[in-house]
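Accompanying notes for the structure given below.
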Amino acid sequence: MRDGRTMKLLNAFAYVDRDGTRWVAPKGSSIDGASIPKALWWSGGPYEGDYREASVVHDVYCAEAPKTATWRAVHRMFYEAMMTSGVAKTRALIMYGAVYRHGPRWPDPTPPGVPAVPPAPKTGTPLEDDVKRIESLVTMGEVDSPEEIEALPLSIPPE
Numbered sequence: 048m049r050d051g052r053t054m055k056l057l058n059a060f061a062y063v064d065r066d067g068t069r070w071v072a073p074k075g076s077s078i079d080g081a082s083i084p085k086a087l088w089w090s091g092g093p094y095e096g097d098y099r100e101a102s103v104v105h106d107v108y109c110a111e112a113p114k115t116a117t118w119r120a121v122h123r124m125f126y127e128a129m130m131t132s133g134v135a136k137t138r139a140l141i142m143y144g145a146v147y148r149h150g151p152r153w154p155d156p157t158p159p160g161v162p163a164v165p166p167a168p169k170t171g172t173p174l175e176d177d178v179k180r181i182e183s184l185v186t187m188g189e190v191d192s193p194e195e196i197e198a199l200p201l202s203i204p205p206e
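Be aware that the sequence shown starts at 48, since it is given in the numbering used here, and climbs by one per residue.
Structure follows, in structure tokens:
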């Protein structure tokens, strides 16, 4: 598209997770690579590398309206899709940590007539120091799973 970053899918693309949930990026969806925060572009831009397919589906679900999945499920799908695509676990955990901590959040989808519960407040933006600290925790073996990333305090003390 004209801005040089946004792209439109010419064909539908889908990822099926281990529970059998089909995550579809429909033909015509616009994506902008926002799943890969700029603080992580040292590992490659949003449209290159073995995480590209995971990024496409993640972008679509983060941008869709109305929301059909929770922000937690969408970010976890991103991690699982990266692992399925052959992304090294260390790299996938670092990227998951960045989107889990600094990616978009929205109220959980609710049935009509049921009041929505607001999500936990999101703080900060993808700061390089935070991403570097997550990278350090993962590479040193102190964090080894998405659950451990989710349990980290929002403000990780410096080393």
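Ideal placement from N, C-alpha and C gives every residue a C-beta, glycine not left out.
Taking the C-alpha atoms as reference points, what is the distance between S183 and F60?
Distance between the alpha carbons of S183 and F60: 33 Å.
Using a 10 Å radius around the Cβ and a threshold of 16 neighbouring Cβ atoms, would you call V63 buried or exposed?
It counts as exposed.
Taking all protein chains shown into account, decide if D66 is buried (16 or more other Cβ within 10 angstroms of its Cβ) or exposed.
When all chains shown are included, D66 counts as exposed.
Would you mind listing the alpha helix (DSSP H) stretches within the region 52 to 122 that are 4+ residues and don't spill past its ends, in chain order?
Counting only runs of 4 or more, we get 99 to 110.
So, are the CB atoms of M142 and Y98 less than 8 Å apart?
For M142 and Y98, yes; Cβs fall inside 8 Å.
Comparing the CB of R152 with every heavy atom of the ligand ZN, is any distance shorter than 7 Å?
For the structure depicted, the ligand ZN is absent and the ligand set is empty, with no information on it obtainable.
Within this structure, are the beta carbons of Y126 and E197 separated by less than 8 Å?
No, Cβ-Cβ distance for Y126 and E197 is not below 8 Å.
If you draw a straight line from the alpha carbon of G133 to that of P73, how long is it in whole angstroms?
In a straight line, the C-alpha of G133 is about 23 Å away from that of P73.
Whole angstroms is fine: what's the gap from A139's alpha carbon to V185's?
Rounded to the nearest angstrom, the two C-alpha atoms are 10 Å apart.
Determine the burial state of A145: buried for a count of at least 16 other Cβ atoms within 10 Å of its Cβ, exposed for fewer.
It counts as buried.
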